[in-house]
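Structure, as structure tokens:
In our numbering, the protein residues as written are 3 to 356.
Written as structure tokens, this is what we have:
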């Protein structure tokens, strides 16, 4: 019998498990504390529960933590972890019963320790410049699969920030992403401030509104071009979710109380890195109080674009700042281990691209 993971469950759901095991409802709070604060690895470690109940639960449920199977270390300190997911924590696409692999990236930076987590294996969005998107879609992780990345990386108790910028489009898996955020931020869970969490999206408005209304996490929108046809050539989803419409919605949202909205902007030489693009980007973002993260492109096979040089990126940043838009150049991390932006593909070392 395949066991059901307990991580990702709310106290109300744990109450059902407790009652099934013949326990009083208050045992659910004990279980939640052991799962999310004590970070137990097995049901047998929940010693507050009677032995008979632990045995009954252990026959049907598991904690659901699985350590990463592989890791790659960059010269800059970044670490990429490969998780082989073989349990029902994955919602498989129709006809695909195999396990799937996802990657998470640990990024140390002085007093910050950020984990970039995946919400899917592969991606449906089809962005031409992204290695994850080029591999197609293989499945969506449940909250347990997402939280396993957070709880199972070495030194997880020292993490300061989480970014949903790994494999997949988080808003294509919004129910499980929001469930994971609930566990991360709830008093009965990890009790993190939502200001420590950033969710990136291409601007999938139908579900992005739910995230904005239901959480207080930071939001990052992948823009990459202020011009519709040009963006559509890079990101086919522009036709379904035009970036100007996305920014209209952002203007109507409350980003007070230190909640932050940012725009992700990968820069390609001669494509989107001139003054005309900077001016158009400033117009697009007007009225949103949105800051811009400029990102150097990391070359992948099958895409002809070349990265902008540092001088051009600095000139672009300075022009945005002149126009009243806060812009910074994001430091590139982990490129030598294919852990940088757009490079995650869930590959084992030595495995070729399909």
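Ideal Cβ placement from N, Cα and C applies to all residues, glycine included. Only a predicted model underlies this, so the values are computations on that prediction, with no experimental measurement involved.
Under the DSSP definition of a beta bridge, residue 64 partners with 7.
Annotation for residue 185: 10, 38, 145, 149, 191, 192 place their beta carbon closer than 7 Å to its own, counting only its chain and skipping 5 residues before and after. DSSP places residue 312 inside the alpha helix (DSSP H), whose first and last residues are 312 to 324.
Check the Cα spacing between residue 232 and each of 269, 199, 254: the tightest is with 269.
Distance from the CA atom of residue 212 to the CA atom of residue 203, rounded to whole angstroms, is 13 Å.
Cβ contact annotation for residue 283 (same chain, cutoff 8 Å, sequence separation greater than five): 225, 228, 265, 267, 294, 322, 327, in chain order. Taking 8 Å as the cut-off, the beta carbon of residue 34 is found closer than this to the beta carbon of residue 13.
The three-state reading of DSSP puts residue 177 in helix, counting H, G and I together.
By the neighbour-count criterion, in which a residue is buried when 16 or more other Cβ atoms sit within 10 angstroms of its Cβ, residue 36 is buried.
If you draw a straight line from the Cα of residue 197 to the Cα of residue 188, it is about 13 Å long.
In this chain, the alpha helix (DSSP H) harbouring residue 13 covers 13 to 22.
Counting only unbroken stretches of 4 or more residues, the alpha helix (DSSP H) elements lying wholly within the region 117 to 179 are 133 to 136, 145 to 154, in sequence order. In the three-state reduction of the DSSP assignment, residue 110 falls in the strand class.
Excluding five sequence positions before and after residue 55, the CB atoms of its chain that fall closer than 7 Å to its own CB belong to 23, 24, 25, given in chain order. With a cutoff of 8 Å on beta-carbon distance, residue 169 and residue 125 are scored as near each other. Taking every protein chain shown into account, the CB of residue 195 has fewer than 16 other CB atoms within 10 angstroms, so this residue is exposed. Taking a cut-off of 8 Å on C-beta distances, the region 100 to 110 touches the region 73 to 87, as three or more cross pairs fall below it. The three-state secondary structure of residue 193, taken from DSSP, is coil.
Between residue 200 and residue 165, the C-beta gap is smaller than 8 Å, which places the two residues in contact.
The Cβ atoms of residue 214 and residue 248 lie no closer than 8 Å to each other. The region 307 to 316 makes no contact with the region 238 to 246: fewer than 3 CB pairs, one atom from each, lie closer than 8 Å. Secondary structure at residue 76: coil, using DSSP grouped into helix, strand and coil. DSSP lists 74, 107 as the bridge partner or partners of residue 82. The continuous alpha helix (DSSP H) containing residue 248 extends over residues 245 to 253. With 16 or more other CB atoms across the displayed protein chains lying within 10 angstroms of its CB, residue 172 is buried.
Our two residues, residue 69 and residue 147, have alpha carbons roughly 11 Å apart in a direct line. In the displayed model, residue 25 falls within coil according to three-state DSSP, outside both helix and strand. Burial state of residue 318 is buried, judged by a 10 Å Cβ sphere holding 16 or more other Cβ atoms. A straight line joining the alpha-carbon of residue 134 with that of residue 58 spans about 41 Å.
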